[in-house]
Structures are given as C-alpha cells and as structure tokens.
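At position 513 of the sequence shown (counting the first as 1) the number is 1553 in the working numbering, and the numbers step up by one without a gap.
The beta-carbon is built from N, C-alpha and C at its ideal position, and this holds for glycine as well.
Report on one structure; see the data block that follows.
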Amino acid sequence: MNLITKRTLSCISASILCFACAVAQNFEQTQHGIKALANGQNVELQLYTPSSIRVTKSPADAPSSPKSFSVIASPEKVEFTAKKSGNNVVLSSKELTATLNLTTGTVSFRNNKGRLLSEGTAASFNPVDDAGEPALKVKQTFVLDKDEPVYGLGNLENGKLSQRGVNRTLMPGNIEDGIPLIVSPKGYAVFWDNYSPTEFIDNDNETAFESAVGECVDYYFMEGKNADEVISEIRTLTGDVPMFPLWTYGFWQSRERYKSQGETVGVVKKYRELGVPLDGIIQDWQYWGNNYLWNAMEFMNPEFNNPQKMMDDIHGLNAHAIISIWSSFGPQTKPYRDLDEKGLLFNFSTWPQSGIAEQWPPRRDYPSGVRVYDAYSPEARDIYWKHLSRLHDYDMDGWWMDSTEPDHLDFKPEDLDTKTYLGSFRKVRNAYPLLTVGGVYDHQRAKTDDKRVFILTRSGYVGQQRYGCNVWTGDVNSTWDMLRKQIPALLNFTLTGNPNCNSDIGGFFCSGYNLRNGDNSATKNPLFQELFVRWMQFGTFTPMMRSHGADIMREIYYFGQKGDVIYDAIEDAIRLRYSLLPYIYSTSWQVSNDDKSFMRALMMDFPNDKKGWNIGDQYMFGDNLLVAPVVNAQYTPEKVMKIDENTGWNRNQAGSSENTKGNVNFMEQHSTDVYLPAGASWYDYWTNERYKGGQTISKPTTIKTIPLYVKAGSIMPMGPDVQYATEKPWDNLTVRVYPGANGEFTLYEDEFDNYNYEKGQYSTIKFIWNDKSRTLTIDDRKGTYPGMLKNRNFNVVLMSNGGSASPVTVPYDGSKKSVKL
C-alpha cells in the first residue's frame, strides 16, 4: 500500500470517527474541515492546502458557497484534526491552526509555532436591493497589530507602500486597480473573494472589507514562512504564471499612436539604423478607421492597406509587434452586430463618446454608439476570439488589451443594475478584467502552442497572472510625483500574486512640457528630459521596459543624437537592460517554477529589518539586485508649468538640452540617499565598492546614474551586446561573482518561445559559490531542448571591493566544473 493510499484511508477513518462525536460537540467535521453554527451564523472552514483555509459565513437561514472566478484550485486531501476545546472548535493542519469561537463567531489563525497571525471577528450582513433582487451587503473585520504594516490592494496610486490607514473603494480602473488582498510581514495573506465594489477600511477601530453585495462572507487565509511562500499559496489557489518569450523582456517602443503602417515599420528601421536595441513595437488604436468602426479588429484605415506586409517587414527586422484591442465595439463593426444580436452588449457610456475622432471635448451630438461587451458570457468570449482571429492570422505577436476595466464614463449608480450573463454588473463588477483577458488566453492556447501568449493589459485582478498578461498602470500623468508613485504601486500589485507589471515610461499625458500643443518641443525641454531619463532608468528594472505616451514622440532620436547627454543616458539604460537578459530570463523561470517575483519590496527579502518595511522608492529586482531609482529632480524644477512663461526655456533654446533659466549641466554631480538593508553586504554595481548593510549611504549621481547594488554572494550572468534579444547565442557569457557570502544562481534556457518547456524541454545550469574556499562550481547541466548549446565558455570574473579580477575562461560541455578564484 503506498503512502498516498495510507493517508487517504487514515483521513477517511478519522472523518468517520470524528463525525460520530462532532454532532454532540455542536460542530460537524467535513472532508476538508468543519461546519458549525456560531453566533447565529453558518460558518465553514475548509483546508485547501496545509497552509490555506477558506472561511465562509452566512446567515443561519442562508447557507451558501459561491463560485470563485479567481480561485481555480480544489481543496487538497489535507491531514488535519478538529476538536472542541471549551467554547472553541480548533482546526489544525501541520502548518496552520484556525480557532472558531462558537459564541462570538471569531476565527483566529496561528502558525505551527503557535504565533497568532490574525483574527477575523464576527461577520455582518445587511439586506440590500440588487437590481430588484434581495441581496446582502457583507462585511468582515480583522484584528491587526497596531504597528503591523499590510501590503497589496492592487496598484493604487497613493504613494504608499504599507496600506495602513487607507480607506477606499476597490475596483478596477484606468490608473488604479483596487484588489481586495492584503499581505502582512508576519507571514500571511487574506484574499476577500467578492467581485462587487468593495470598501477597504482601516482606522483605529477596525480593518475590514465590506462589499456592496454578496451571497456570504467568503475569504481565504494563507500562511507562509516568508513572503515568497505566501505568494506561492496565492498562486496555488489562483493559478501559476506561464513563461513569456525572451523577446518580451527587451525594449519596447510605442506611441499614441502610429498613424500608418509605414510609420510603424519606420520606427523599427530607424532603431536598427542607429544600432539601438529594440524588440517590440506597439500599434495603438484607429488602425480600424473611424470611431463608428471602433475596435473592428480589422485594418480598414487606408493608411494600413497591407497589414501582412507590415508584419512581415517588422519580423524581417527581427522585431515583434502587438496591437491594440478593446472591450468595446463600434456599431458598424461585425463583432458589434454578432454580439448585439444575442443581447451581449451593455448600455452604459464608454470611450469613445463621439463618432468624430480627433476632437476634444467629444461632440455628444454625434454619439459613437460604442458599447462594452459582456465578457462574463462564454458565448461572448467565443465571439470576441472569432473576430480577433483575423488579426491573429497575420502572425501578430501579442495583444494590447486596452480598457479591460472596462471604461465606464458618466457613471450612474443604476448602471450597476445592468444585466450580465452572471447576474447584475454590481455583483460581478471586479471580475471583468480577469474574464476578458482569460477569454483571449484560453482561446489562443486552444488554437496553437507555437507562440506563447503575450498580453499587455490595463487592468488586473487576483488570478490574472495565469493568463499570460502584463498589467500596466494606465494613463498616468507625466510628473515626478507620479513617477514616485509607480514604485509602491507596482510593488503592491506584485504582492497580490501578479508579478508582471509596468508603467508608461515618461508618463502618458505630457502636453504641459511642449511649447505649443503637439509641437514635440518637450523632447528638447530639460524639464521633460530629466523626468524621462529617470523614468527610463526605473523602467529598466520592471518586468516590461516600454516607452509610451501621448502628446510627445518619444523615440530616442527625438532627444538628440549619439554624443548628446540625454540621448546617451537613454541608450545606456536600454543597453543595461539587454546585458541583464540572462539574469532576467532566469528570474522569469523562478517566477513560473518557484513562485518568485521580479519586483520585490524590501520586506520580502529582509523581513527582520523593520527600517525597510515602508521604504517605497527602493526594491529588489530578482534575488540579487537592489534598485534605488532617482525619483526626485536634481537639475530642473519638478513643477509642470507653462514652460515658456515660467522657466526661461523658450523656442530659441529648444535645440539645446543645456538651458533652462540658465545653464543645465546634466553631468554635474549630485547625490541621492540609498538604504542598504541589514542582513547582507552590498556592492555598488558601477564602482564595485562594498558596503555593510543596515545603513544609509549617499550615492553620487549624474543624469546617467541609476543607483544599483548587488548583494554579496550573488552570481550574475551578463549577456552579449545585441540589437535584439535573440541576436546572439549565450555561448560566451560573462559570469560575475560577488564574494562575501555563499551563493547560488540557476541559469535557465529553452527555445525562448513556444510551450515546449511545459513538456520538460529546457535546461538549467546551477552555479554554486563557496565563499570560504573561494570556489565556483558549475554543476551538471540538467535537461535538454532542441537547439541547446552543448559546448560553451563561461568567462568568470571575481568582483572585489572597488575592482575586479581578470576573467577566467571555463570551457563547459554540460559536465560539472569547479574553479578556484
């Protein structure tokens, strides 16, 4: 008899024995936990894993267990005990204990060391009307330590890392996605599984979630020894992260918008001519024509008269393209007609509101008639893909799914009464981005595995990480304040289990930096130049490095030419990104295989260093790199103003990046403070100077400098100088070793696209550094895949305080090698 069978029989036997006595103890043991009547409410606790418990509470006369859109896991067969102790019922697995008080209805949670993690008090239910149907407004309060920070809640643009003291409605939106999930450095997360507009409340009296409507209180409590384990539990319940192609981690250029296929292809050609690396180009809206043809998913704009040639030209230049698609359709489109015929379109106002393009404010006397589709309907999602297939057949490389909130303009409360396939819009409002993005992913995976699904989308939710999407922060303004807010926003979004995120480099709305609307003079305006470079440097260390926005053409060549300081600073950031591709792609494997994260708040890696708990302008990028972007202006005023009236910068000075109210020397040395977390030593990436952790240092900077530090014990593979991600094989990588602690790094490689890695077709090479013996061991290669490098060289460099040793070339054929440095 195998172990699984023994455990199964043991659980069944225990269930039978305990059930007989449970009735007499005022609770019922179930296959996965317990049910009880507590404080006049039906309460059920279900163990999904040894470290995750689902809690549902409902009025005594209304037992319910609603379907989850985010959680796709079923409860595992977990060994547990359930017993009554006084007025409590105690449910325990090997990792987590939940105690239900039968009198008060509170549920407290402790880890396997007996540490109290959190406590949920009794739930509250208030009758409400939901589109003419009786419903409940549901609320659950939790007890937190007074000084306990919590993270998550989506990508809120409030500039806060810890979300204590925040009170707001959580919903998907253009520049914010409110997500009802919190993470604590004590080692737990709570996911409030409700899809109606939800209030997060945190004040001196309570920390609570309260949803507009719900069948019951429904939440998941997840425990882990560290933040990575907590996120692993989130993904165990809501889905793993698929791999993106290597090319998605290169540099992306975009604009609102390229107005012809010649212009789109021309941008790629120009980058190739300049020798500046580029992997992706994005075609924004209106390739379909006018607003009555909104999102037709066809090229009907005469400026895009040969889309197949456009795609062939882009691919011929070794680049990739994704294209804008929306959650709404104009009345003259085929998708609109198909959806309308089946009653699968909503009637609330959405973007665009006028049929006349290129005019602001919109002409309401010429309404566009554009309507949002019912993504809650499987049939609607089928229709969506049927029409999207036309674009897929051009060998499109991915999708820019805009307005996946969706856009909801001129909001009226009664709009939430709108009928959807799954009930009122109010009831399922927050699940919209999850389902519409999931529809595209599922359909493309069903059609082909030749190319990995890649989706750039504006809204995200718990579980969306399983759908091959990278969520950006929407149409944010181009200000220093907004740049500063991007870092905590993306870190908190990551902590909801979604590792892939980014922002518009430079900010979307930038017109205030132009002398006159649309003259593109901002690229010569030092105020915008400084902000753009600092945003570009930050974007180098996000999961997608993408320059995009309105009002300004921000391709590198508009900022000058090689030798100009701003041009060179932009190119330096792009080249740094490409040099890190082996590190980034290997990290992406850790994200998919080991439930790790790209952007890591300091509390994830240094939970015992409370000084880092609320630092929102620094983060780890992967396991090795500490990134501290410069997010304050050092050379120009931060205030956006009428440039020619207030700064001394004028049209006569537009050709010079050295003038604004006097001279601006972007190479003049300034400094910025950087906190180096305790528990490690750190190397300055640029100078190799070594520092002890647990201190704040002053880093000298110019416009070209991004403060970047490498943790002692790190092993860093550095990629070749390339024009695009796959231009050269990784057959001669430089491997940097940073001594001061033992360390490991696993180099991951596969075909860089397709889903063969899911079939085990990939390889890993582990590098192991023994700091005491100064020995680097390159372990036996594991795995194989078509086209794998069987023989190669590794050029190993030992970094030292303020310098580095000469490279040692190590020939490698897949067999274990050791080298003493």
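Checklist entry - Skipping 5 residues on each side, what residues in its chain have a beta carbon closer than 7 Å to that of A1060? => result If you number the sequence shown from 1, residue 1060 lands on position 20. Residue confidence is low: A1060 scores 36 on pLDDT, short of 50, so the model does not pin down where it sits. Its coordinate-derived value is still stated next. Result list for A1060: empty, nothing under 7 Å.
Item to check | Coarse secondary structure for G1409, derived from DSSP in three states | outcome: As a first step, residue 1409 is located in the sequence shown; it is residue number 369 there, counting from the start. G1409: coil per DSSP, three-state reduction.
Checklist entry - When the distance is taken between beta carbons, is V1257 closer than 8 Å to T1143? => result What you label residue 1143 is simply residue 103 of the sequence shown in a count that begins at 1. What you label residue 1257 is simply residue 217 of the sequence shown in a count that begins at 1. Going by C-beta atoms, T1143 is not nearer than 8 Å to V1257.
Next on the checklist: I'd like the ranges of any beta strand (DSSP E) spanning at least 3 consecutive residues and lying wholly in the stretch 1434 to 1465.
Outcome noted: Within the stretch 1434 to 1465, the beta strand (DSSP E) runs of at least 3 residues that lie entirely inside it are, in chain order, 1438 to 1441.
Checklist entry - Anyone know if the C-beta pair for K1439 and I1495 falls short of 8 Å? => result Walking along the sequence shown from the start, residue 1439 turns up at place 399. Walking along the sequence shown from the start, residue 1495 turns up at place 455. The sequence as given places Trp at residue 1439; Lys does not occur at that position. Their beta carbons are under 8 Å apart, which means W1439 touches I1495 by this criterion.
Checklist entry - When you compare only the Cα positions, how much space is there between G1227 and L1140? => result As a working mapping, residue 1227 is identified with position 187 in the sequence shown. As a working mapping, residue 1140 is identified with position 100 in the sequence shown. Between G1227 and L1140, the C-alpha separation is close to 20 Å.
Checklist entry - Which partner residues does N1835 have in the DSSP bridge list? => result Here residue 1835 corresponds to residue number 795 of the sequence shown, with the count starting at 1. Per DSSP, T1774, T1849.
Item to check | CA-to-CA distance, A1138 to R1094, given in whole angstroms | outcome: Here the question's residue 1094 lines up with position 54 in the sequence shown. Here the question's residue 1138 lines up with position 98 in the sequence shown. Near 10 Å, if we compare the C-alpha coordinates of A1138 and R1094.
Item to check | Presumed contact (8 Å Cβ cut-off) between G1409 and Y1327, rounded CB distance | outcome: To locate residue 1409, count along the sequence shown from 1; it is residue 369. To locate residue 1327, count along the sequence shown from 1; it is residue 287. Rounded, the Cβ-Cβ distance is 20 Å, inconsistent with contact.
Checklist entry - Among V1837, S1587, G1842, which residue has its Cα nearest to the Cα of N1849? => result Start at 1 with the first residue of the sequence shown, and residue 1849 comes out as number 809. Note that residue 1849 is Thr in the sequence shown, not Asn. T1849 has its Cα closest to that of V1837, out of V1837, S1587, G1842.
Checklist entry - Apart from the five residues on each side of it in sequence, which residues of its chain come closer than 7 Å, Cβ to Cβ, to P1851? => result Residue mapping note: residue 1851 aligns to position 811 of the sequence shown, counting from 1. Hits under 7 Å: N1833.
Next on the checklist: Tell me the rounded alpha-carbon separation between A1076 and T1161.
Outcome noted: The count along the sequence shown starts at 1 and reaches residue 1076 at position 36. The count along the sequence shown starts at 1 and reaches residue 1161 at position 121. About 15 Å.
Checklist entry - Looking at C-alpha atoms only, which residue of T1460, S1518, L1462 is the closest neighbour of G1547? => result Here the question's residue 1547 lines up with position 507 in the sequence shown. When T1460, S1518, L1462 are compared, the shortest CA-CA separation from G1547 is found for S1518.
Checklist entry - Does the distance from the C-beta atom of Q1505 to that of R1204 stay below 8 Å? => result The residue you call residue 1505 lines up with position 465 of the sequence shown. The residue you call residue 1204 lines up with position 164 of the sequence shown. No.
Checklist entry - Using a beta-carbon distance below 8 Å, is L1535 in contact with chain C? => result No chain C appears in the structure shown, which is made up of a single protein chain.
Checklist entry - Can you tell me whether DSSP reads V1183 as helix, strand or coil? => result Sequence index remark: in the sequence shown, residue 1183 carries index 143 (1-based). Strand, per DSSP.
Checklist entry - So, is I1112 buried or exposed, given that buried needs 16 or more other C-beta atoms within 10 angstroms? => result Against the sequence shown, residue 1112 aligns to sequence position 72. I1112 is exposed by the Cβ-count criterion.
Item to check | Collapsed DSSP secondary structure at A1881 in the structure displayed | outcome: Since the first residue shown for the chain is 1041 and the last is 1861, residue 1881 is missing from the structure and cannot be characterised.
Next on the checklist: Rounded to whole angstroms, what is the Cα-Cα separation between V1667 and F1661?
Outcome noted: For this step, residue 1667 is matched to residue 627 along the sequence shown. For this step, residue 1661 is matched to residue 621 along the sequence shown. V1667 and F1661: Cα-Cα distance of roughly 7 Å.
Item to check | Distance CB(K1186)-CB(A1248) smaller than 8 Å | outcome: By one-based count along the sequence shown, residue 1186 stands at place 146. By one-based count along the sequence shown, residue 1248 stands at place 208. Against a cut-off of 8 Å, the Cβ pair of A1248 and K1186 comes out as no contact.
Checklist entry - Could you give the distance in angstroms between the alpha-carbon of K1177 and the alpha-carbon of N1243? => result Indexing the sequence shown from 1 puts residue 1177 at position 137. Indexing the sequence shown from 1 puts residue 1243 at position 203. Taking the straight line joining both Cα atoms gives about 20 Å.
Checklist entry - According to DSSP, which residues form a beta bridge with V1859? => result As a working mapping, residue 1859 is identified with position 819 in the sequence shown. Looking at the DSSP output, V1859 bridges to L1816.
Checklist entry - When you compare each of S1844, K1732, K1739 to Y1778 by their alpha carbons, which one comes out closest? => result The residue labelled residue 1778 in the question sits at position 738 within the sequence shown. Nearest C-alpha to Y1778: S1844.
Next on the checklist: If you reduce the DSSP assignment to three classes, tell me which class G1854 lands in.
Outcome noted: The residue you call residue 1854 lines up with position 814 of the sequence shown. Residue state, collapsed to three classes: coil.
Item to check | Cα-Cα separation between D1380 and N1831, rounded to whole angstroms | outcome: Your numbering for residue 1380 matches position 340 in the sequence shown. Your numbering for residue 1831 matches position 791 in the sequence shown. Looking at the two C-alpha atoms, the distance is approximately 59 Å.
Checklist entry - Considering only the beta carbon of each residue, do S1738 and D1713 sit closer than 8 Å? => result Within the sequence shown, the letter at position 698 stands for residue 1738. Within the sequence shown, the letter at position 673 stands for residue 1713. Contact: yes.
Checklist entry - In or out: K1751 buried (at least 16 other Cβ within 10 Å) or exposed? => result By 1-based counting over the sequence shown, the position of residue 1751 is 711. Buried, by the Cβ-count rule.
Item to check | Coarse secondary structure for E1084, derived from DSSP in three states | outcome: Indexing the sequence shown from 1 puts residue 1084 at position 44. E1084: strand per DSSP, three-state reduction.
Item to check | Beta-carbon proximity list for D1544, same chain, < 7 Å, skipping 5 on both sides | outcome: The residue labelled residue 1544 in the question sits at position 504 within the sequence shown. These residues qualify, in order along the chain: W1512, V1516, H1588, G1589.
Next on the checklist: On the DSSP bridge list, what partners appear for E1173?
Outcome noted: Within the sequence shown, residue 1173 is the residue found at index 133, counting from 1. Beta-bridge pairing links E1173 to D1170.
Next on the checklist: Can you check which of these residues, S1803, M1756, K1153, is closest to T1824 by C-alpha distance?
Outcome noted: Counting from 1 along the sequence shown, the entry for residue 1824 is found at position 784. For the set S1803, M1756, K1153, the Cα lying nearest the Cα of T1824 is the one of S1803.
Checklist entry - Sorted by chain position, which residues of the same chain lie with C-beta nearer than 6 Å to Q1086's C-beta, five sequence neighbours on each side aside? => result In the sequence shown, the residue the question calls residue 1086 occupies position 46. So the qualifying residues of the chain are H1072, G1073, R1094, P1115.
Checklist entry - According to the Cβ coordinates, are V1865 and S1236 closer than 8 Å? => result No information on residue 1865 is available, as it lies outside the stretch 1041 to 1861 that the chain covers here.
Item to check | Neighbourhood of A1694 by C-beta distance below 8 Å, restricted to the same chain and skipping five residues each side | outcome: Taking the first residue of the sequence shown as position 1, residue 1694 is located at position 654. At A1694 the pLDDT is 36, less than 50, meaning the model places this residue with poor confidence; the figure from the coordinates comes in the next sentence. Only L1555, S1561, K1564, N1565 meet the Cβ criterion.
Item to check | Sequence-distant residues of the same chain with beta carbon closer than 6 Å to V1118, five excluded per side | outcome: Locating residue 1118 in the sequence shown gives position 78, where the first residue counts as 1. L1087, P1090, S1133, listed in sequence order.
Checklist entry - Does the separation of the CB atoms of I1592 and V1316 fall below 8 Å? => result To locate residue 1592, count along the sequence shown from 1; it is residue 552. To locate residue 1316, count along the sequence shown from 1; it is residue 276. At a Cβ-Cβ threshold of 8 Å, I1592 and V1316 do not count as neighbours.
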